[in-house]
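*Asks:* Numbering (this note's numbering), first residue to last: 31 to 489.
Using N, Cα and C, we set each Cβ at its ideal position, and we do this for glycine too.
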Ligand code: 4AD
Ligand code: MG
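1. Using 6 Å as the cut-off, classify the Cβ of residue 462 as near or not near the heavy atoms of ligand 1, replying yes or no.
2. Measuring alpha carbon to alpha carbon, tell me which of 377, 269, 86 and 219 ends up nearest residue 234.
3. Would residue 136 pass as a contact of residue 95 if the rule is Cβ separation under 7 Å?
4. List the endpoints of the continuous alpha helix (DSSP H) containing residue 456.
5. State yes or no: is the C-beta of residue 309 nearer than 6 Å to some heavy atom of ligand 1?
6. Using C-beta distances below 6 Å, list every residue in its chain close to residue 151, excluding the 5 sequence neighbours before and after it, in chain order.
7. Would you mind reading off the limits of the alpha helix (DSSP H) that contains residue 255?
8. Report buried or exposed for residue 349, applying the criterion of at least 16 other Cβ atoms within 10 angstroms of its Cβ.
9. Residue 179: beta carbon under 6 Å from a heavy atom of ligand 2?
10. Output yes or no for whether 7 Å exceeds the beta carbon distance between residue 454 and residue 245.
11. So what does DSSP say about residue 309, is it helix, strand or coil?
12. Name, in chain order, the residues that DSSP records as bridge partners for residue 70.
13. Looking at residue 258 and ligand 1, is the gap between the Cβ and the nearest heavy atom below 6 Å?
14. Can you find a heavy atom of ligand 1 that lies under 6 Å from the Cβ of residue 128?
15. Please list the segments of the beta strand (DSSP E) lying wholly inside the stretch 98–136, counting only runs of 3 or more residues, in order along the chain.
16. Ligand 1 heavy atoms versus the CB of residue 236: any closer than 6 Å?
17. Please report the residue range of the beta strand (DSSP E) in which residue 275 lies.
18. May I ask you to report which of helix, strand or coil DSSP gives residue 231?
19. Taking the alpha carbon of residue 221 as the reference point, which residue from 203, 208 and 64 has its own alpha carbon closest?
20. Please confirm if the stretch 311–330 is in contact with the stretch 169–186, defined as three or more CB-CB distances below 8 Å between the two stretches.
21. Taking just the CA atoms, how far does residue 60 sit from residue 171?
22. Tell me the rounded alpha-carbon separation between residue 351 and residue 138.
23. Candidates 458, 58, 477 and 267: which alpha carbon is nearest residue 194's?
24. Per DSSP, what kind of secondary structure is residue 333 in: helix, strand or coil?
25. From residue 248 to residue 180, what distance separates their C-alpha atoms?
26. Give every residue of the same chain whose Cβ lies closer than 6 Å to the Cβ of residue 54, excluding the five residues on either side of it in the sequence, and list them in chain order.
27. Tell me whether the beta-carbon of residue 402 lies closer than 7 Å to the beta-carbon of residue 382.
28. Cα separation between residue 294 and residue 474?
29. Compare the C-alpha of residue 471 against each of 319, 422, 415 and 334 and name the closest.
30. So residue 415 is in the beta strand (DSSP E); what residue range does that whole segment cover?
31. Collect the residues with a C-beta less than 7 Å away from any heavy atom of ligand 2 and give them in sequence order along the chain.
32. Per the DSSP calculation, residue 59 is bridged to which residue(s)?
33. Can you name, in chain order, every residue of its own chain whose Cβ lies under 6 Å from the Cβ of residue 82, other than the five neighbours on each side?
34. Please list, in chain order, all residues of the same chain as residue 238 whose beta carbon is under 6 Å from its beta carbon, the five residues on each side excluded.
35. With a CB to CB cut of under 6 Å and the five nearest residues on each side skipped, what residues in its chain are close to residue 218?
36. Is the distance from the Cβ of residue 379 to the Cβ of residue 334 below 7 Å?
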């Protein structure tokens, strides 16, 4: 069986050859003397036109959108201007009939409607292209880190730690919720639970990754992460993918340098390997996106400190819903103002107040801010969150105590500072946010194959 993609890409070398194709019927036009059928097999965005007359034409004419067919024929120059070649059919078999209530008839559907048929939507151009970019981006990420000599670590999805300390974790339990074992004080006795203690789905593989960075030097984890934040926004999902590099002997500047090179590498890779898909997005979803990405690939990202960012926002000619003052967590509207109106390109915001960031970030000398960095990008806002890690045992211990953490439970994490400590840094890139940025798709539900969001875990 021949795939359609090479036929369209390298059409000259197929001219005059006989091939057998299998795929789905996109549309049929019966012109009586000749029948045109557009066949698509998923190997690329495009389809190929199949032409026949007489008995085979009559069979093709009985087909409709969605049918699965097998067709053998000769590759010939196309008479129409739309594509270089078409297939002149010599044999045609209907393999599976698709009934007329097939929801994906040849017309435009809204993304909202297509979300309700999540099992069928990968067959549409927009989702086909989105999930193709998702796949390419994942390859690009692995390729970048492998080229840089990083070791790929699989960190656990079930964990006893709360990396971000935000308490936004999904609990994993096999206890009978209707009748849980209780301690004398009436609270649940987790020693009877599956793991002998409370366990959750991970919000980040970072803490586990740090242990490996202190062995390998440079490593990364890349996998699903889970957050039980009840925020129903276009940028938050309850299950999303994150790539998290962790680098020993690397400070905040080295961290940002790696992040910038990684993003540029990914942009370049997707523009090269997903040219058809990116052209599609440029044409139908985000006009000018290819030019925009090319200029991001070719220029340095901007840098501001959090304190500078607050000053810029205080001076801003904008009506923010959330008032701006030093100490606030930047809201999406602030993040987007900074990168869309102030810098007009991706911007690293560094040195956030310690009180709005996680316990593991390295305390700056001012004792008020930490060596954190977020990368904000136009259209999306925060795409990367990272930091230099607190490598000083005493400072980390004090911070954990201040924050009321169970220091015994994190004894292993403190050990990483006790047994030969190292300046180290890392960051997390949200894969979905990166796909949104590169495709211009504005809702995270449209870049996740099966989105999980509050009140939604279909399929
Ligand atoms: O800023 P976050 O919470 O950072 C961490 O989890 C660190 N432990 C990462 C590290 O340093 N290794 O999350 C990192 C990124 C965000 O910048 C965002 O792109 C994405 O993960 N992200 C989400 N994406 C989709 N839905 C959500 N609910 C997300 N929460 C974070
Ligand atoms: Mg963050």
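*Replies:* So, from the data block:
1. yes
2. 269
3. yes
4. Segment 454–460 is the beta strand (DSSP E) holding residue 456; no alpha helix (DSSP H) there.
5. no
6. 144 and 157
7. Premise fails: residue 255 lies in the beta strand (DSSP E), 248–256, not in any alpha helix (DSSP H).
8. exposed
9. no
10. no
11. helix
12. 54
13. no
14. no
15. 98–107 and 115–126
16. yes
17. 269–278
18. strand
19. 203
20. no
21. 46 Å
22. 35 Å
23. 458
24. strand
25. 5 Å
26. 70 and 98
27. yes
28. 22 Å
29. 319
30. 411–418
31. 404, 412 and 415
32. 66
33. 65, 90 and 119
34. 185
35. 210
36. yes
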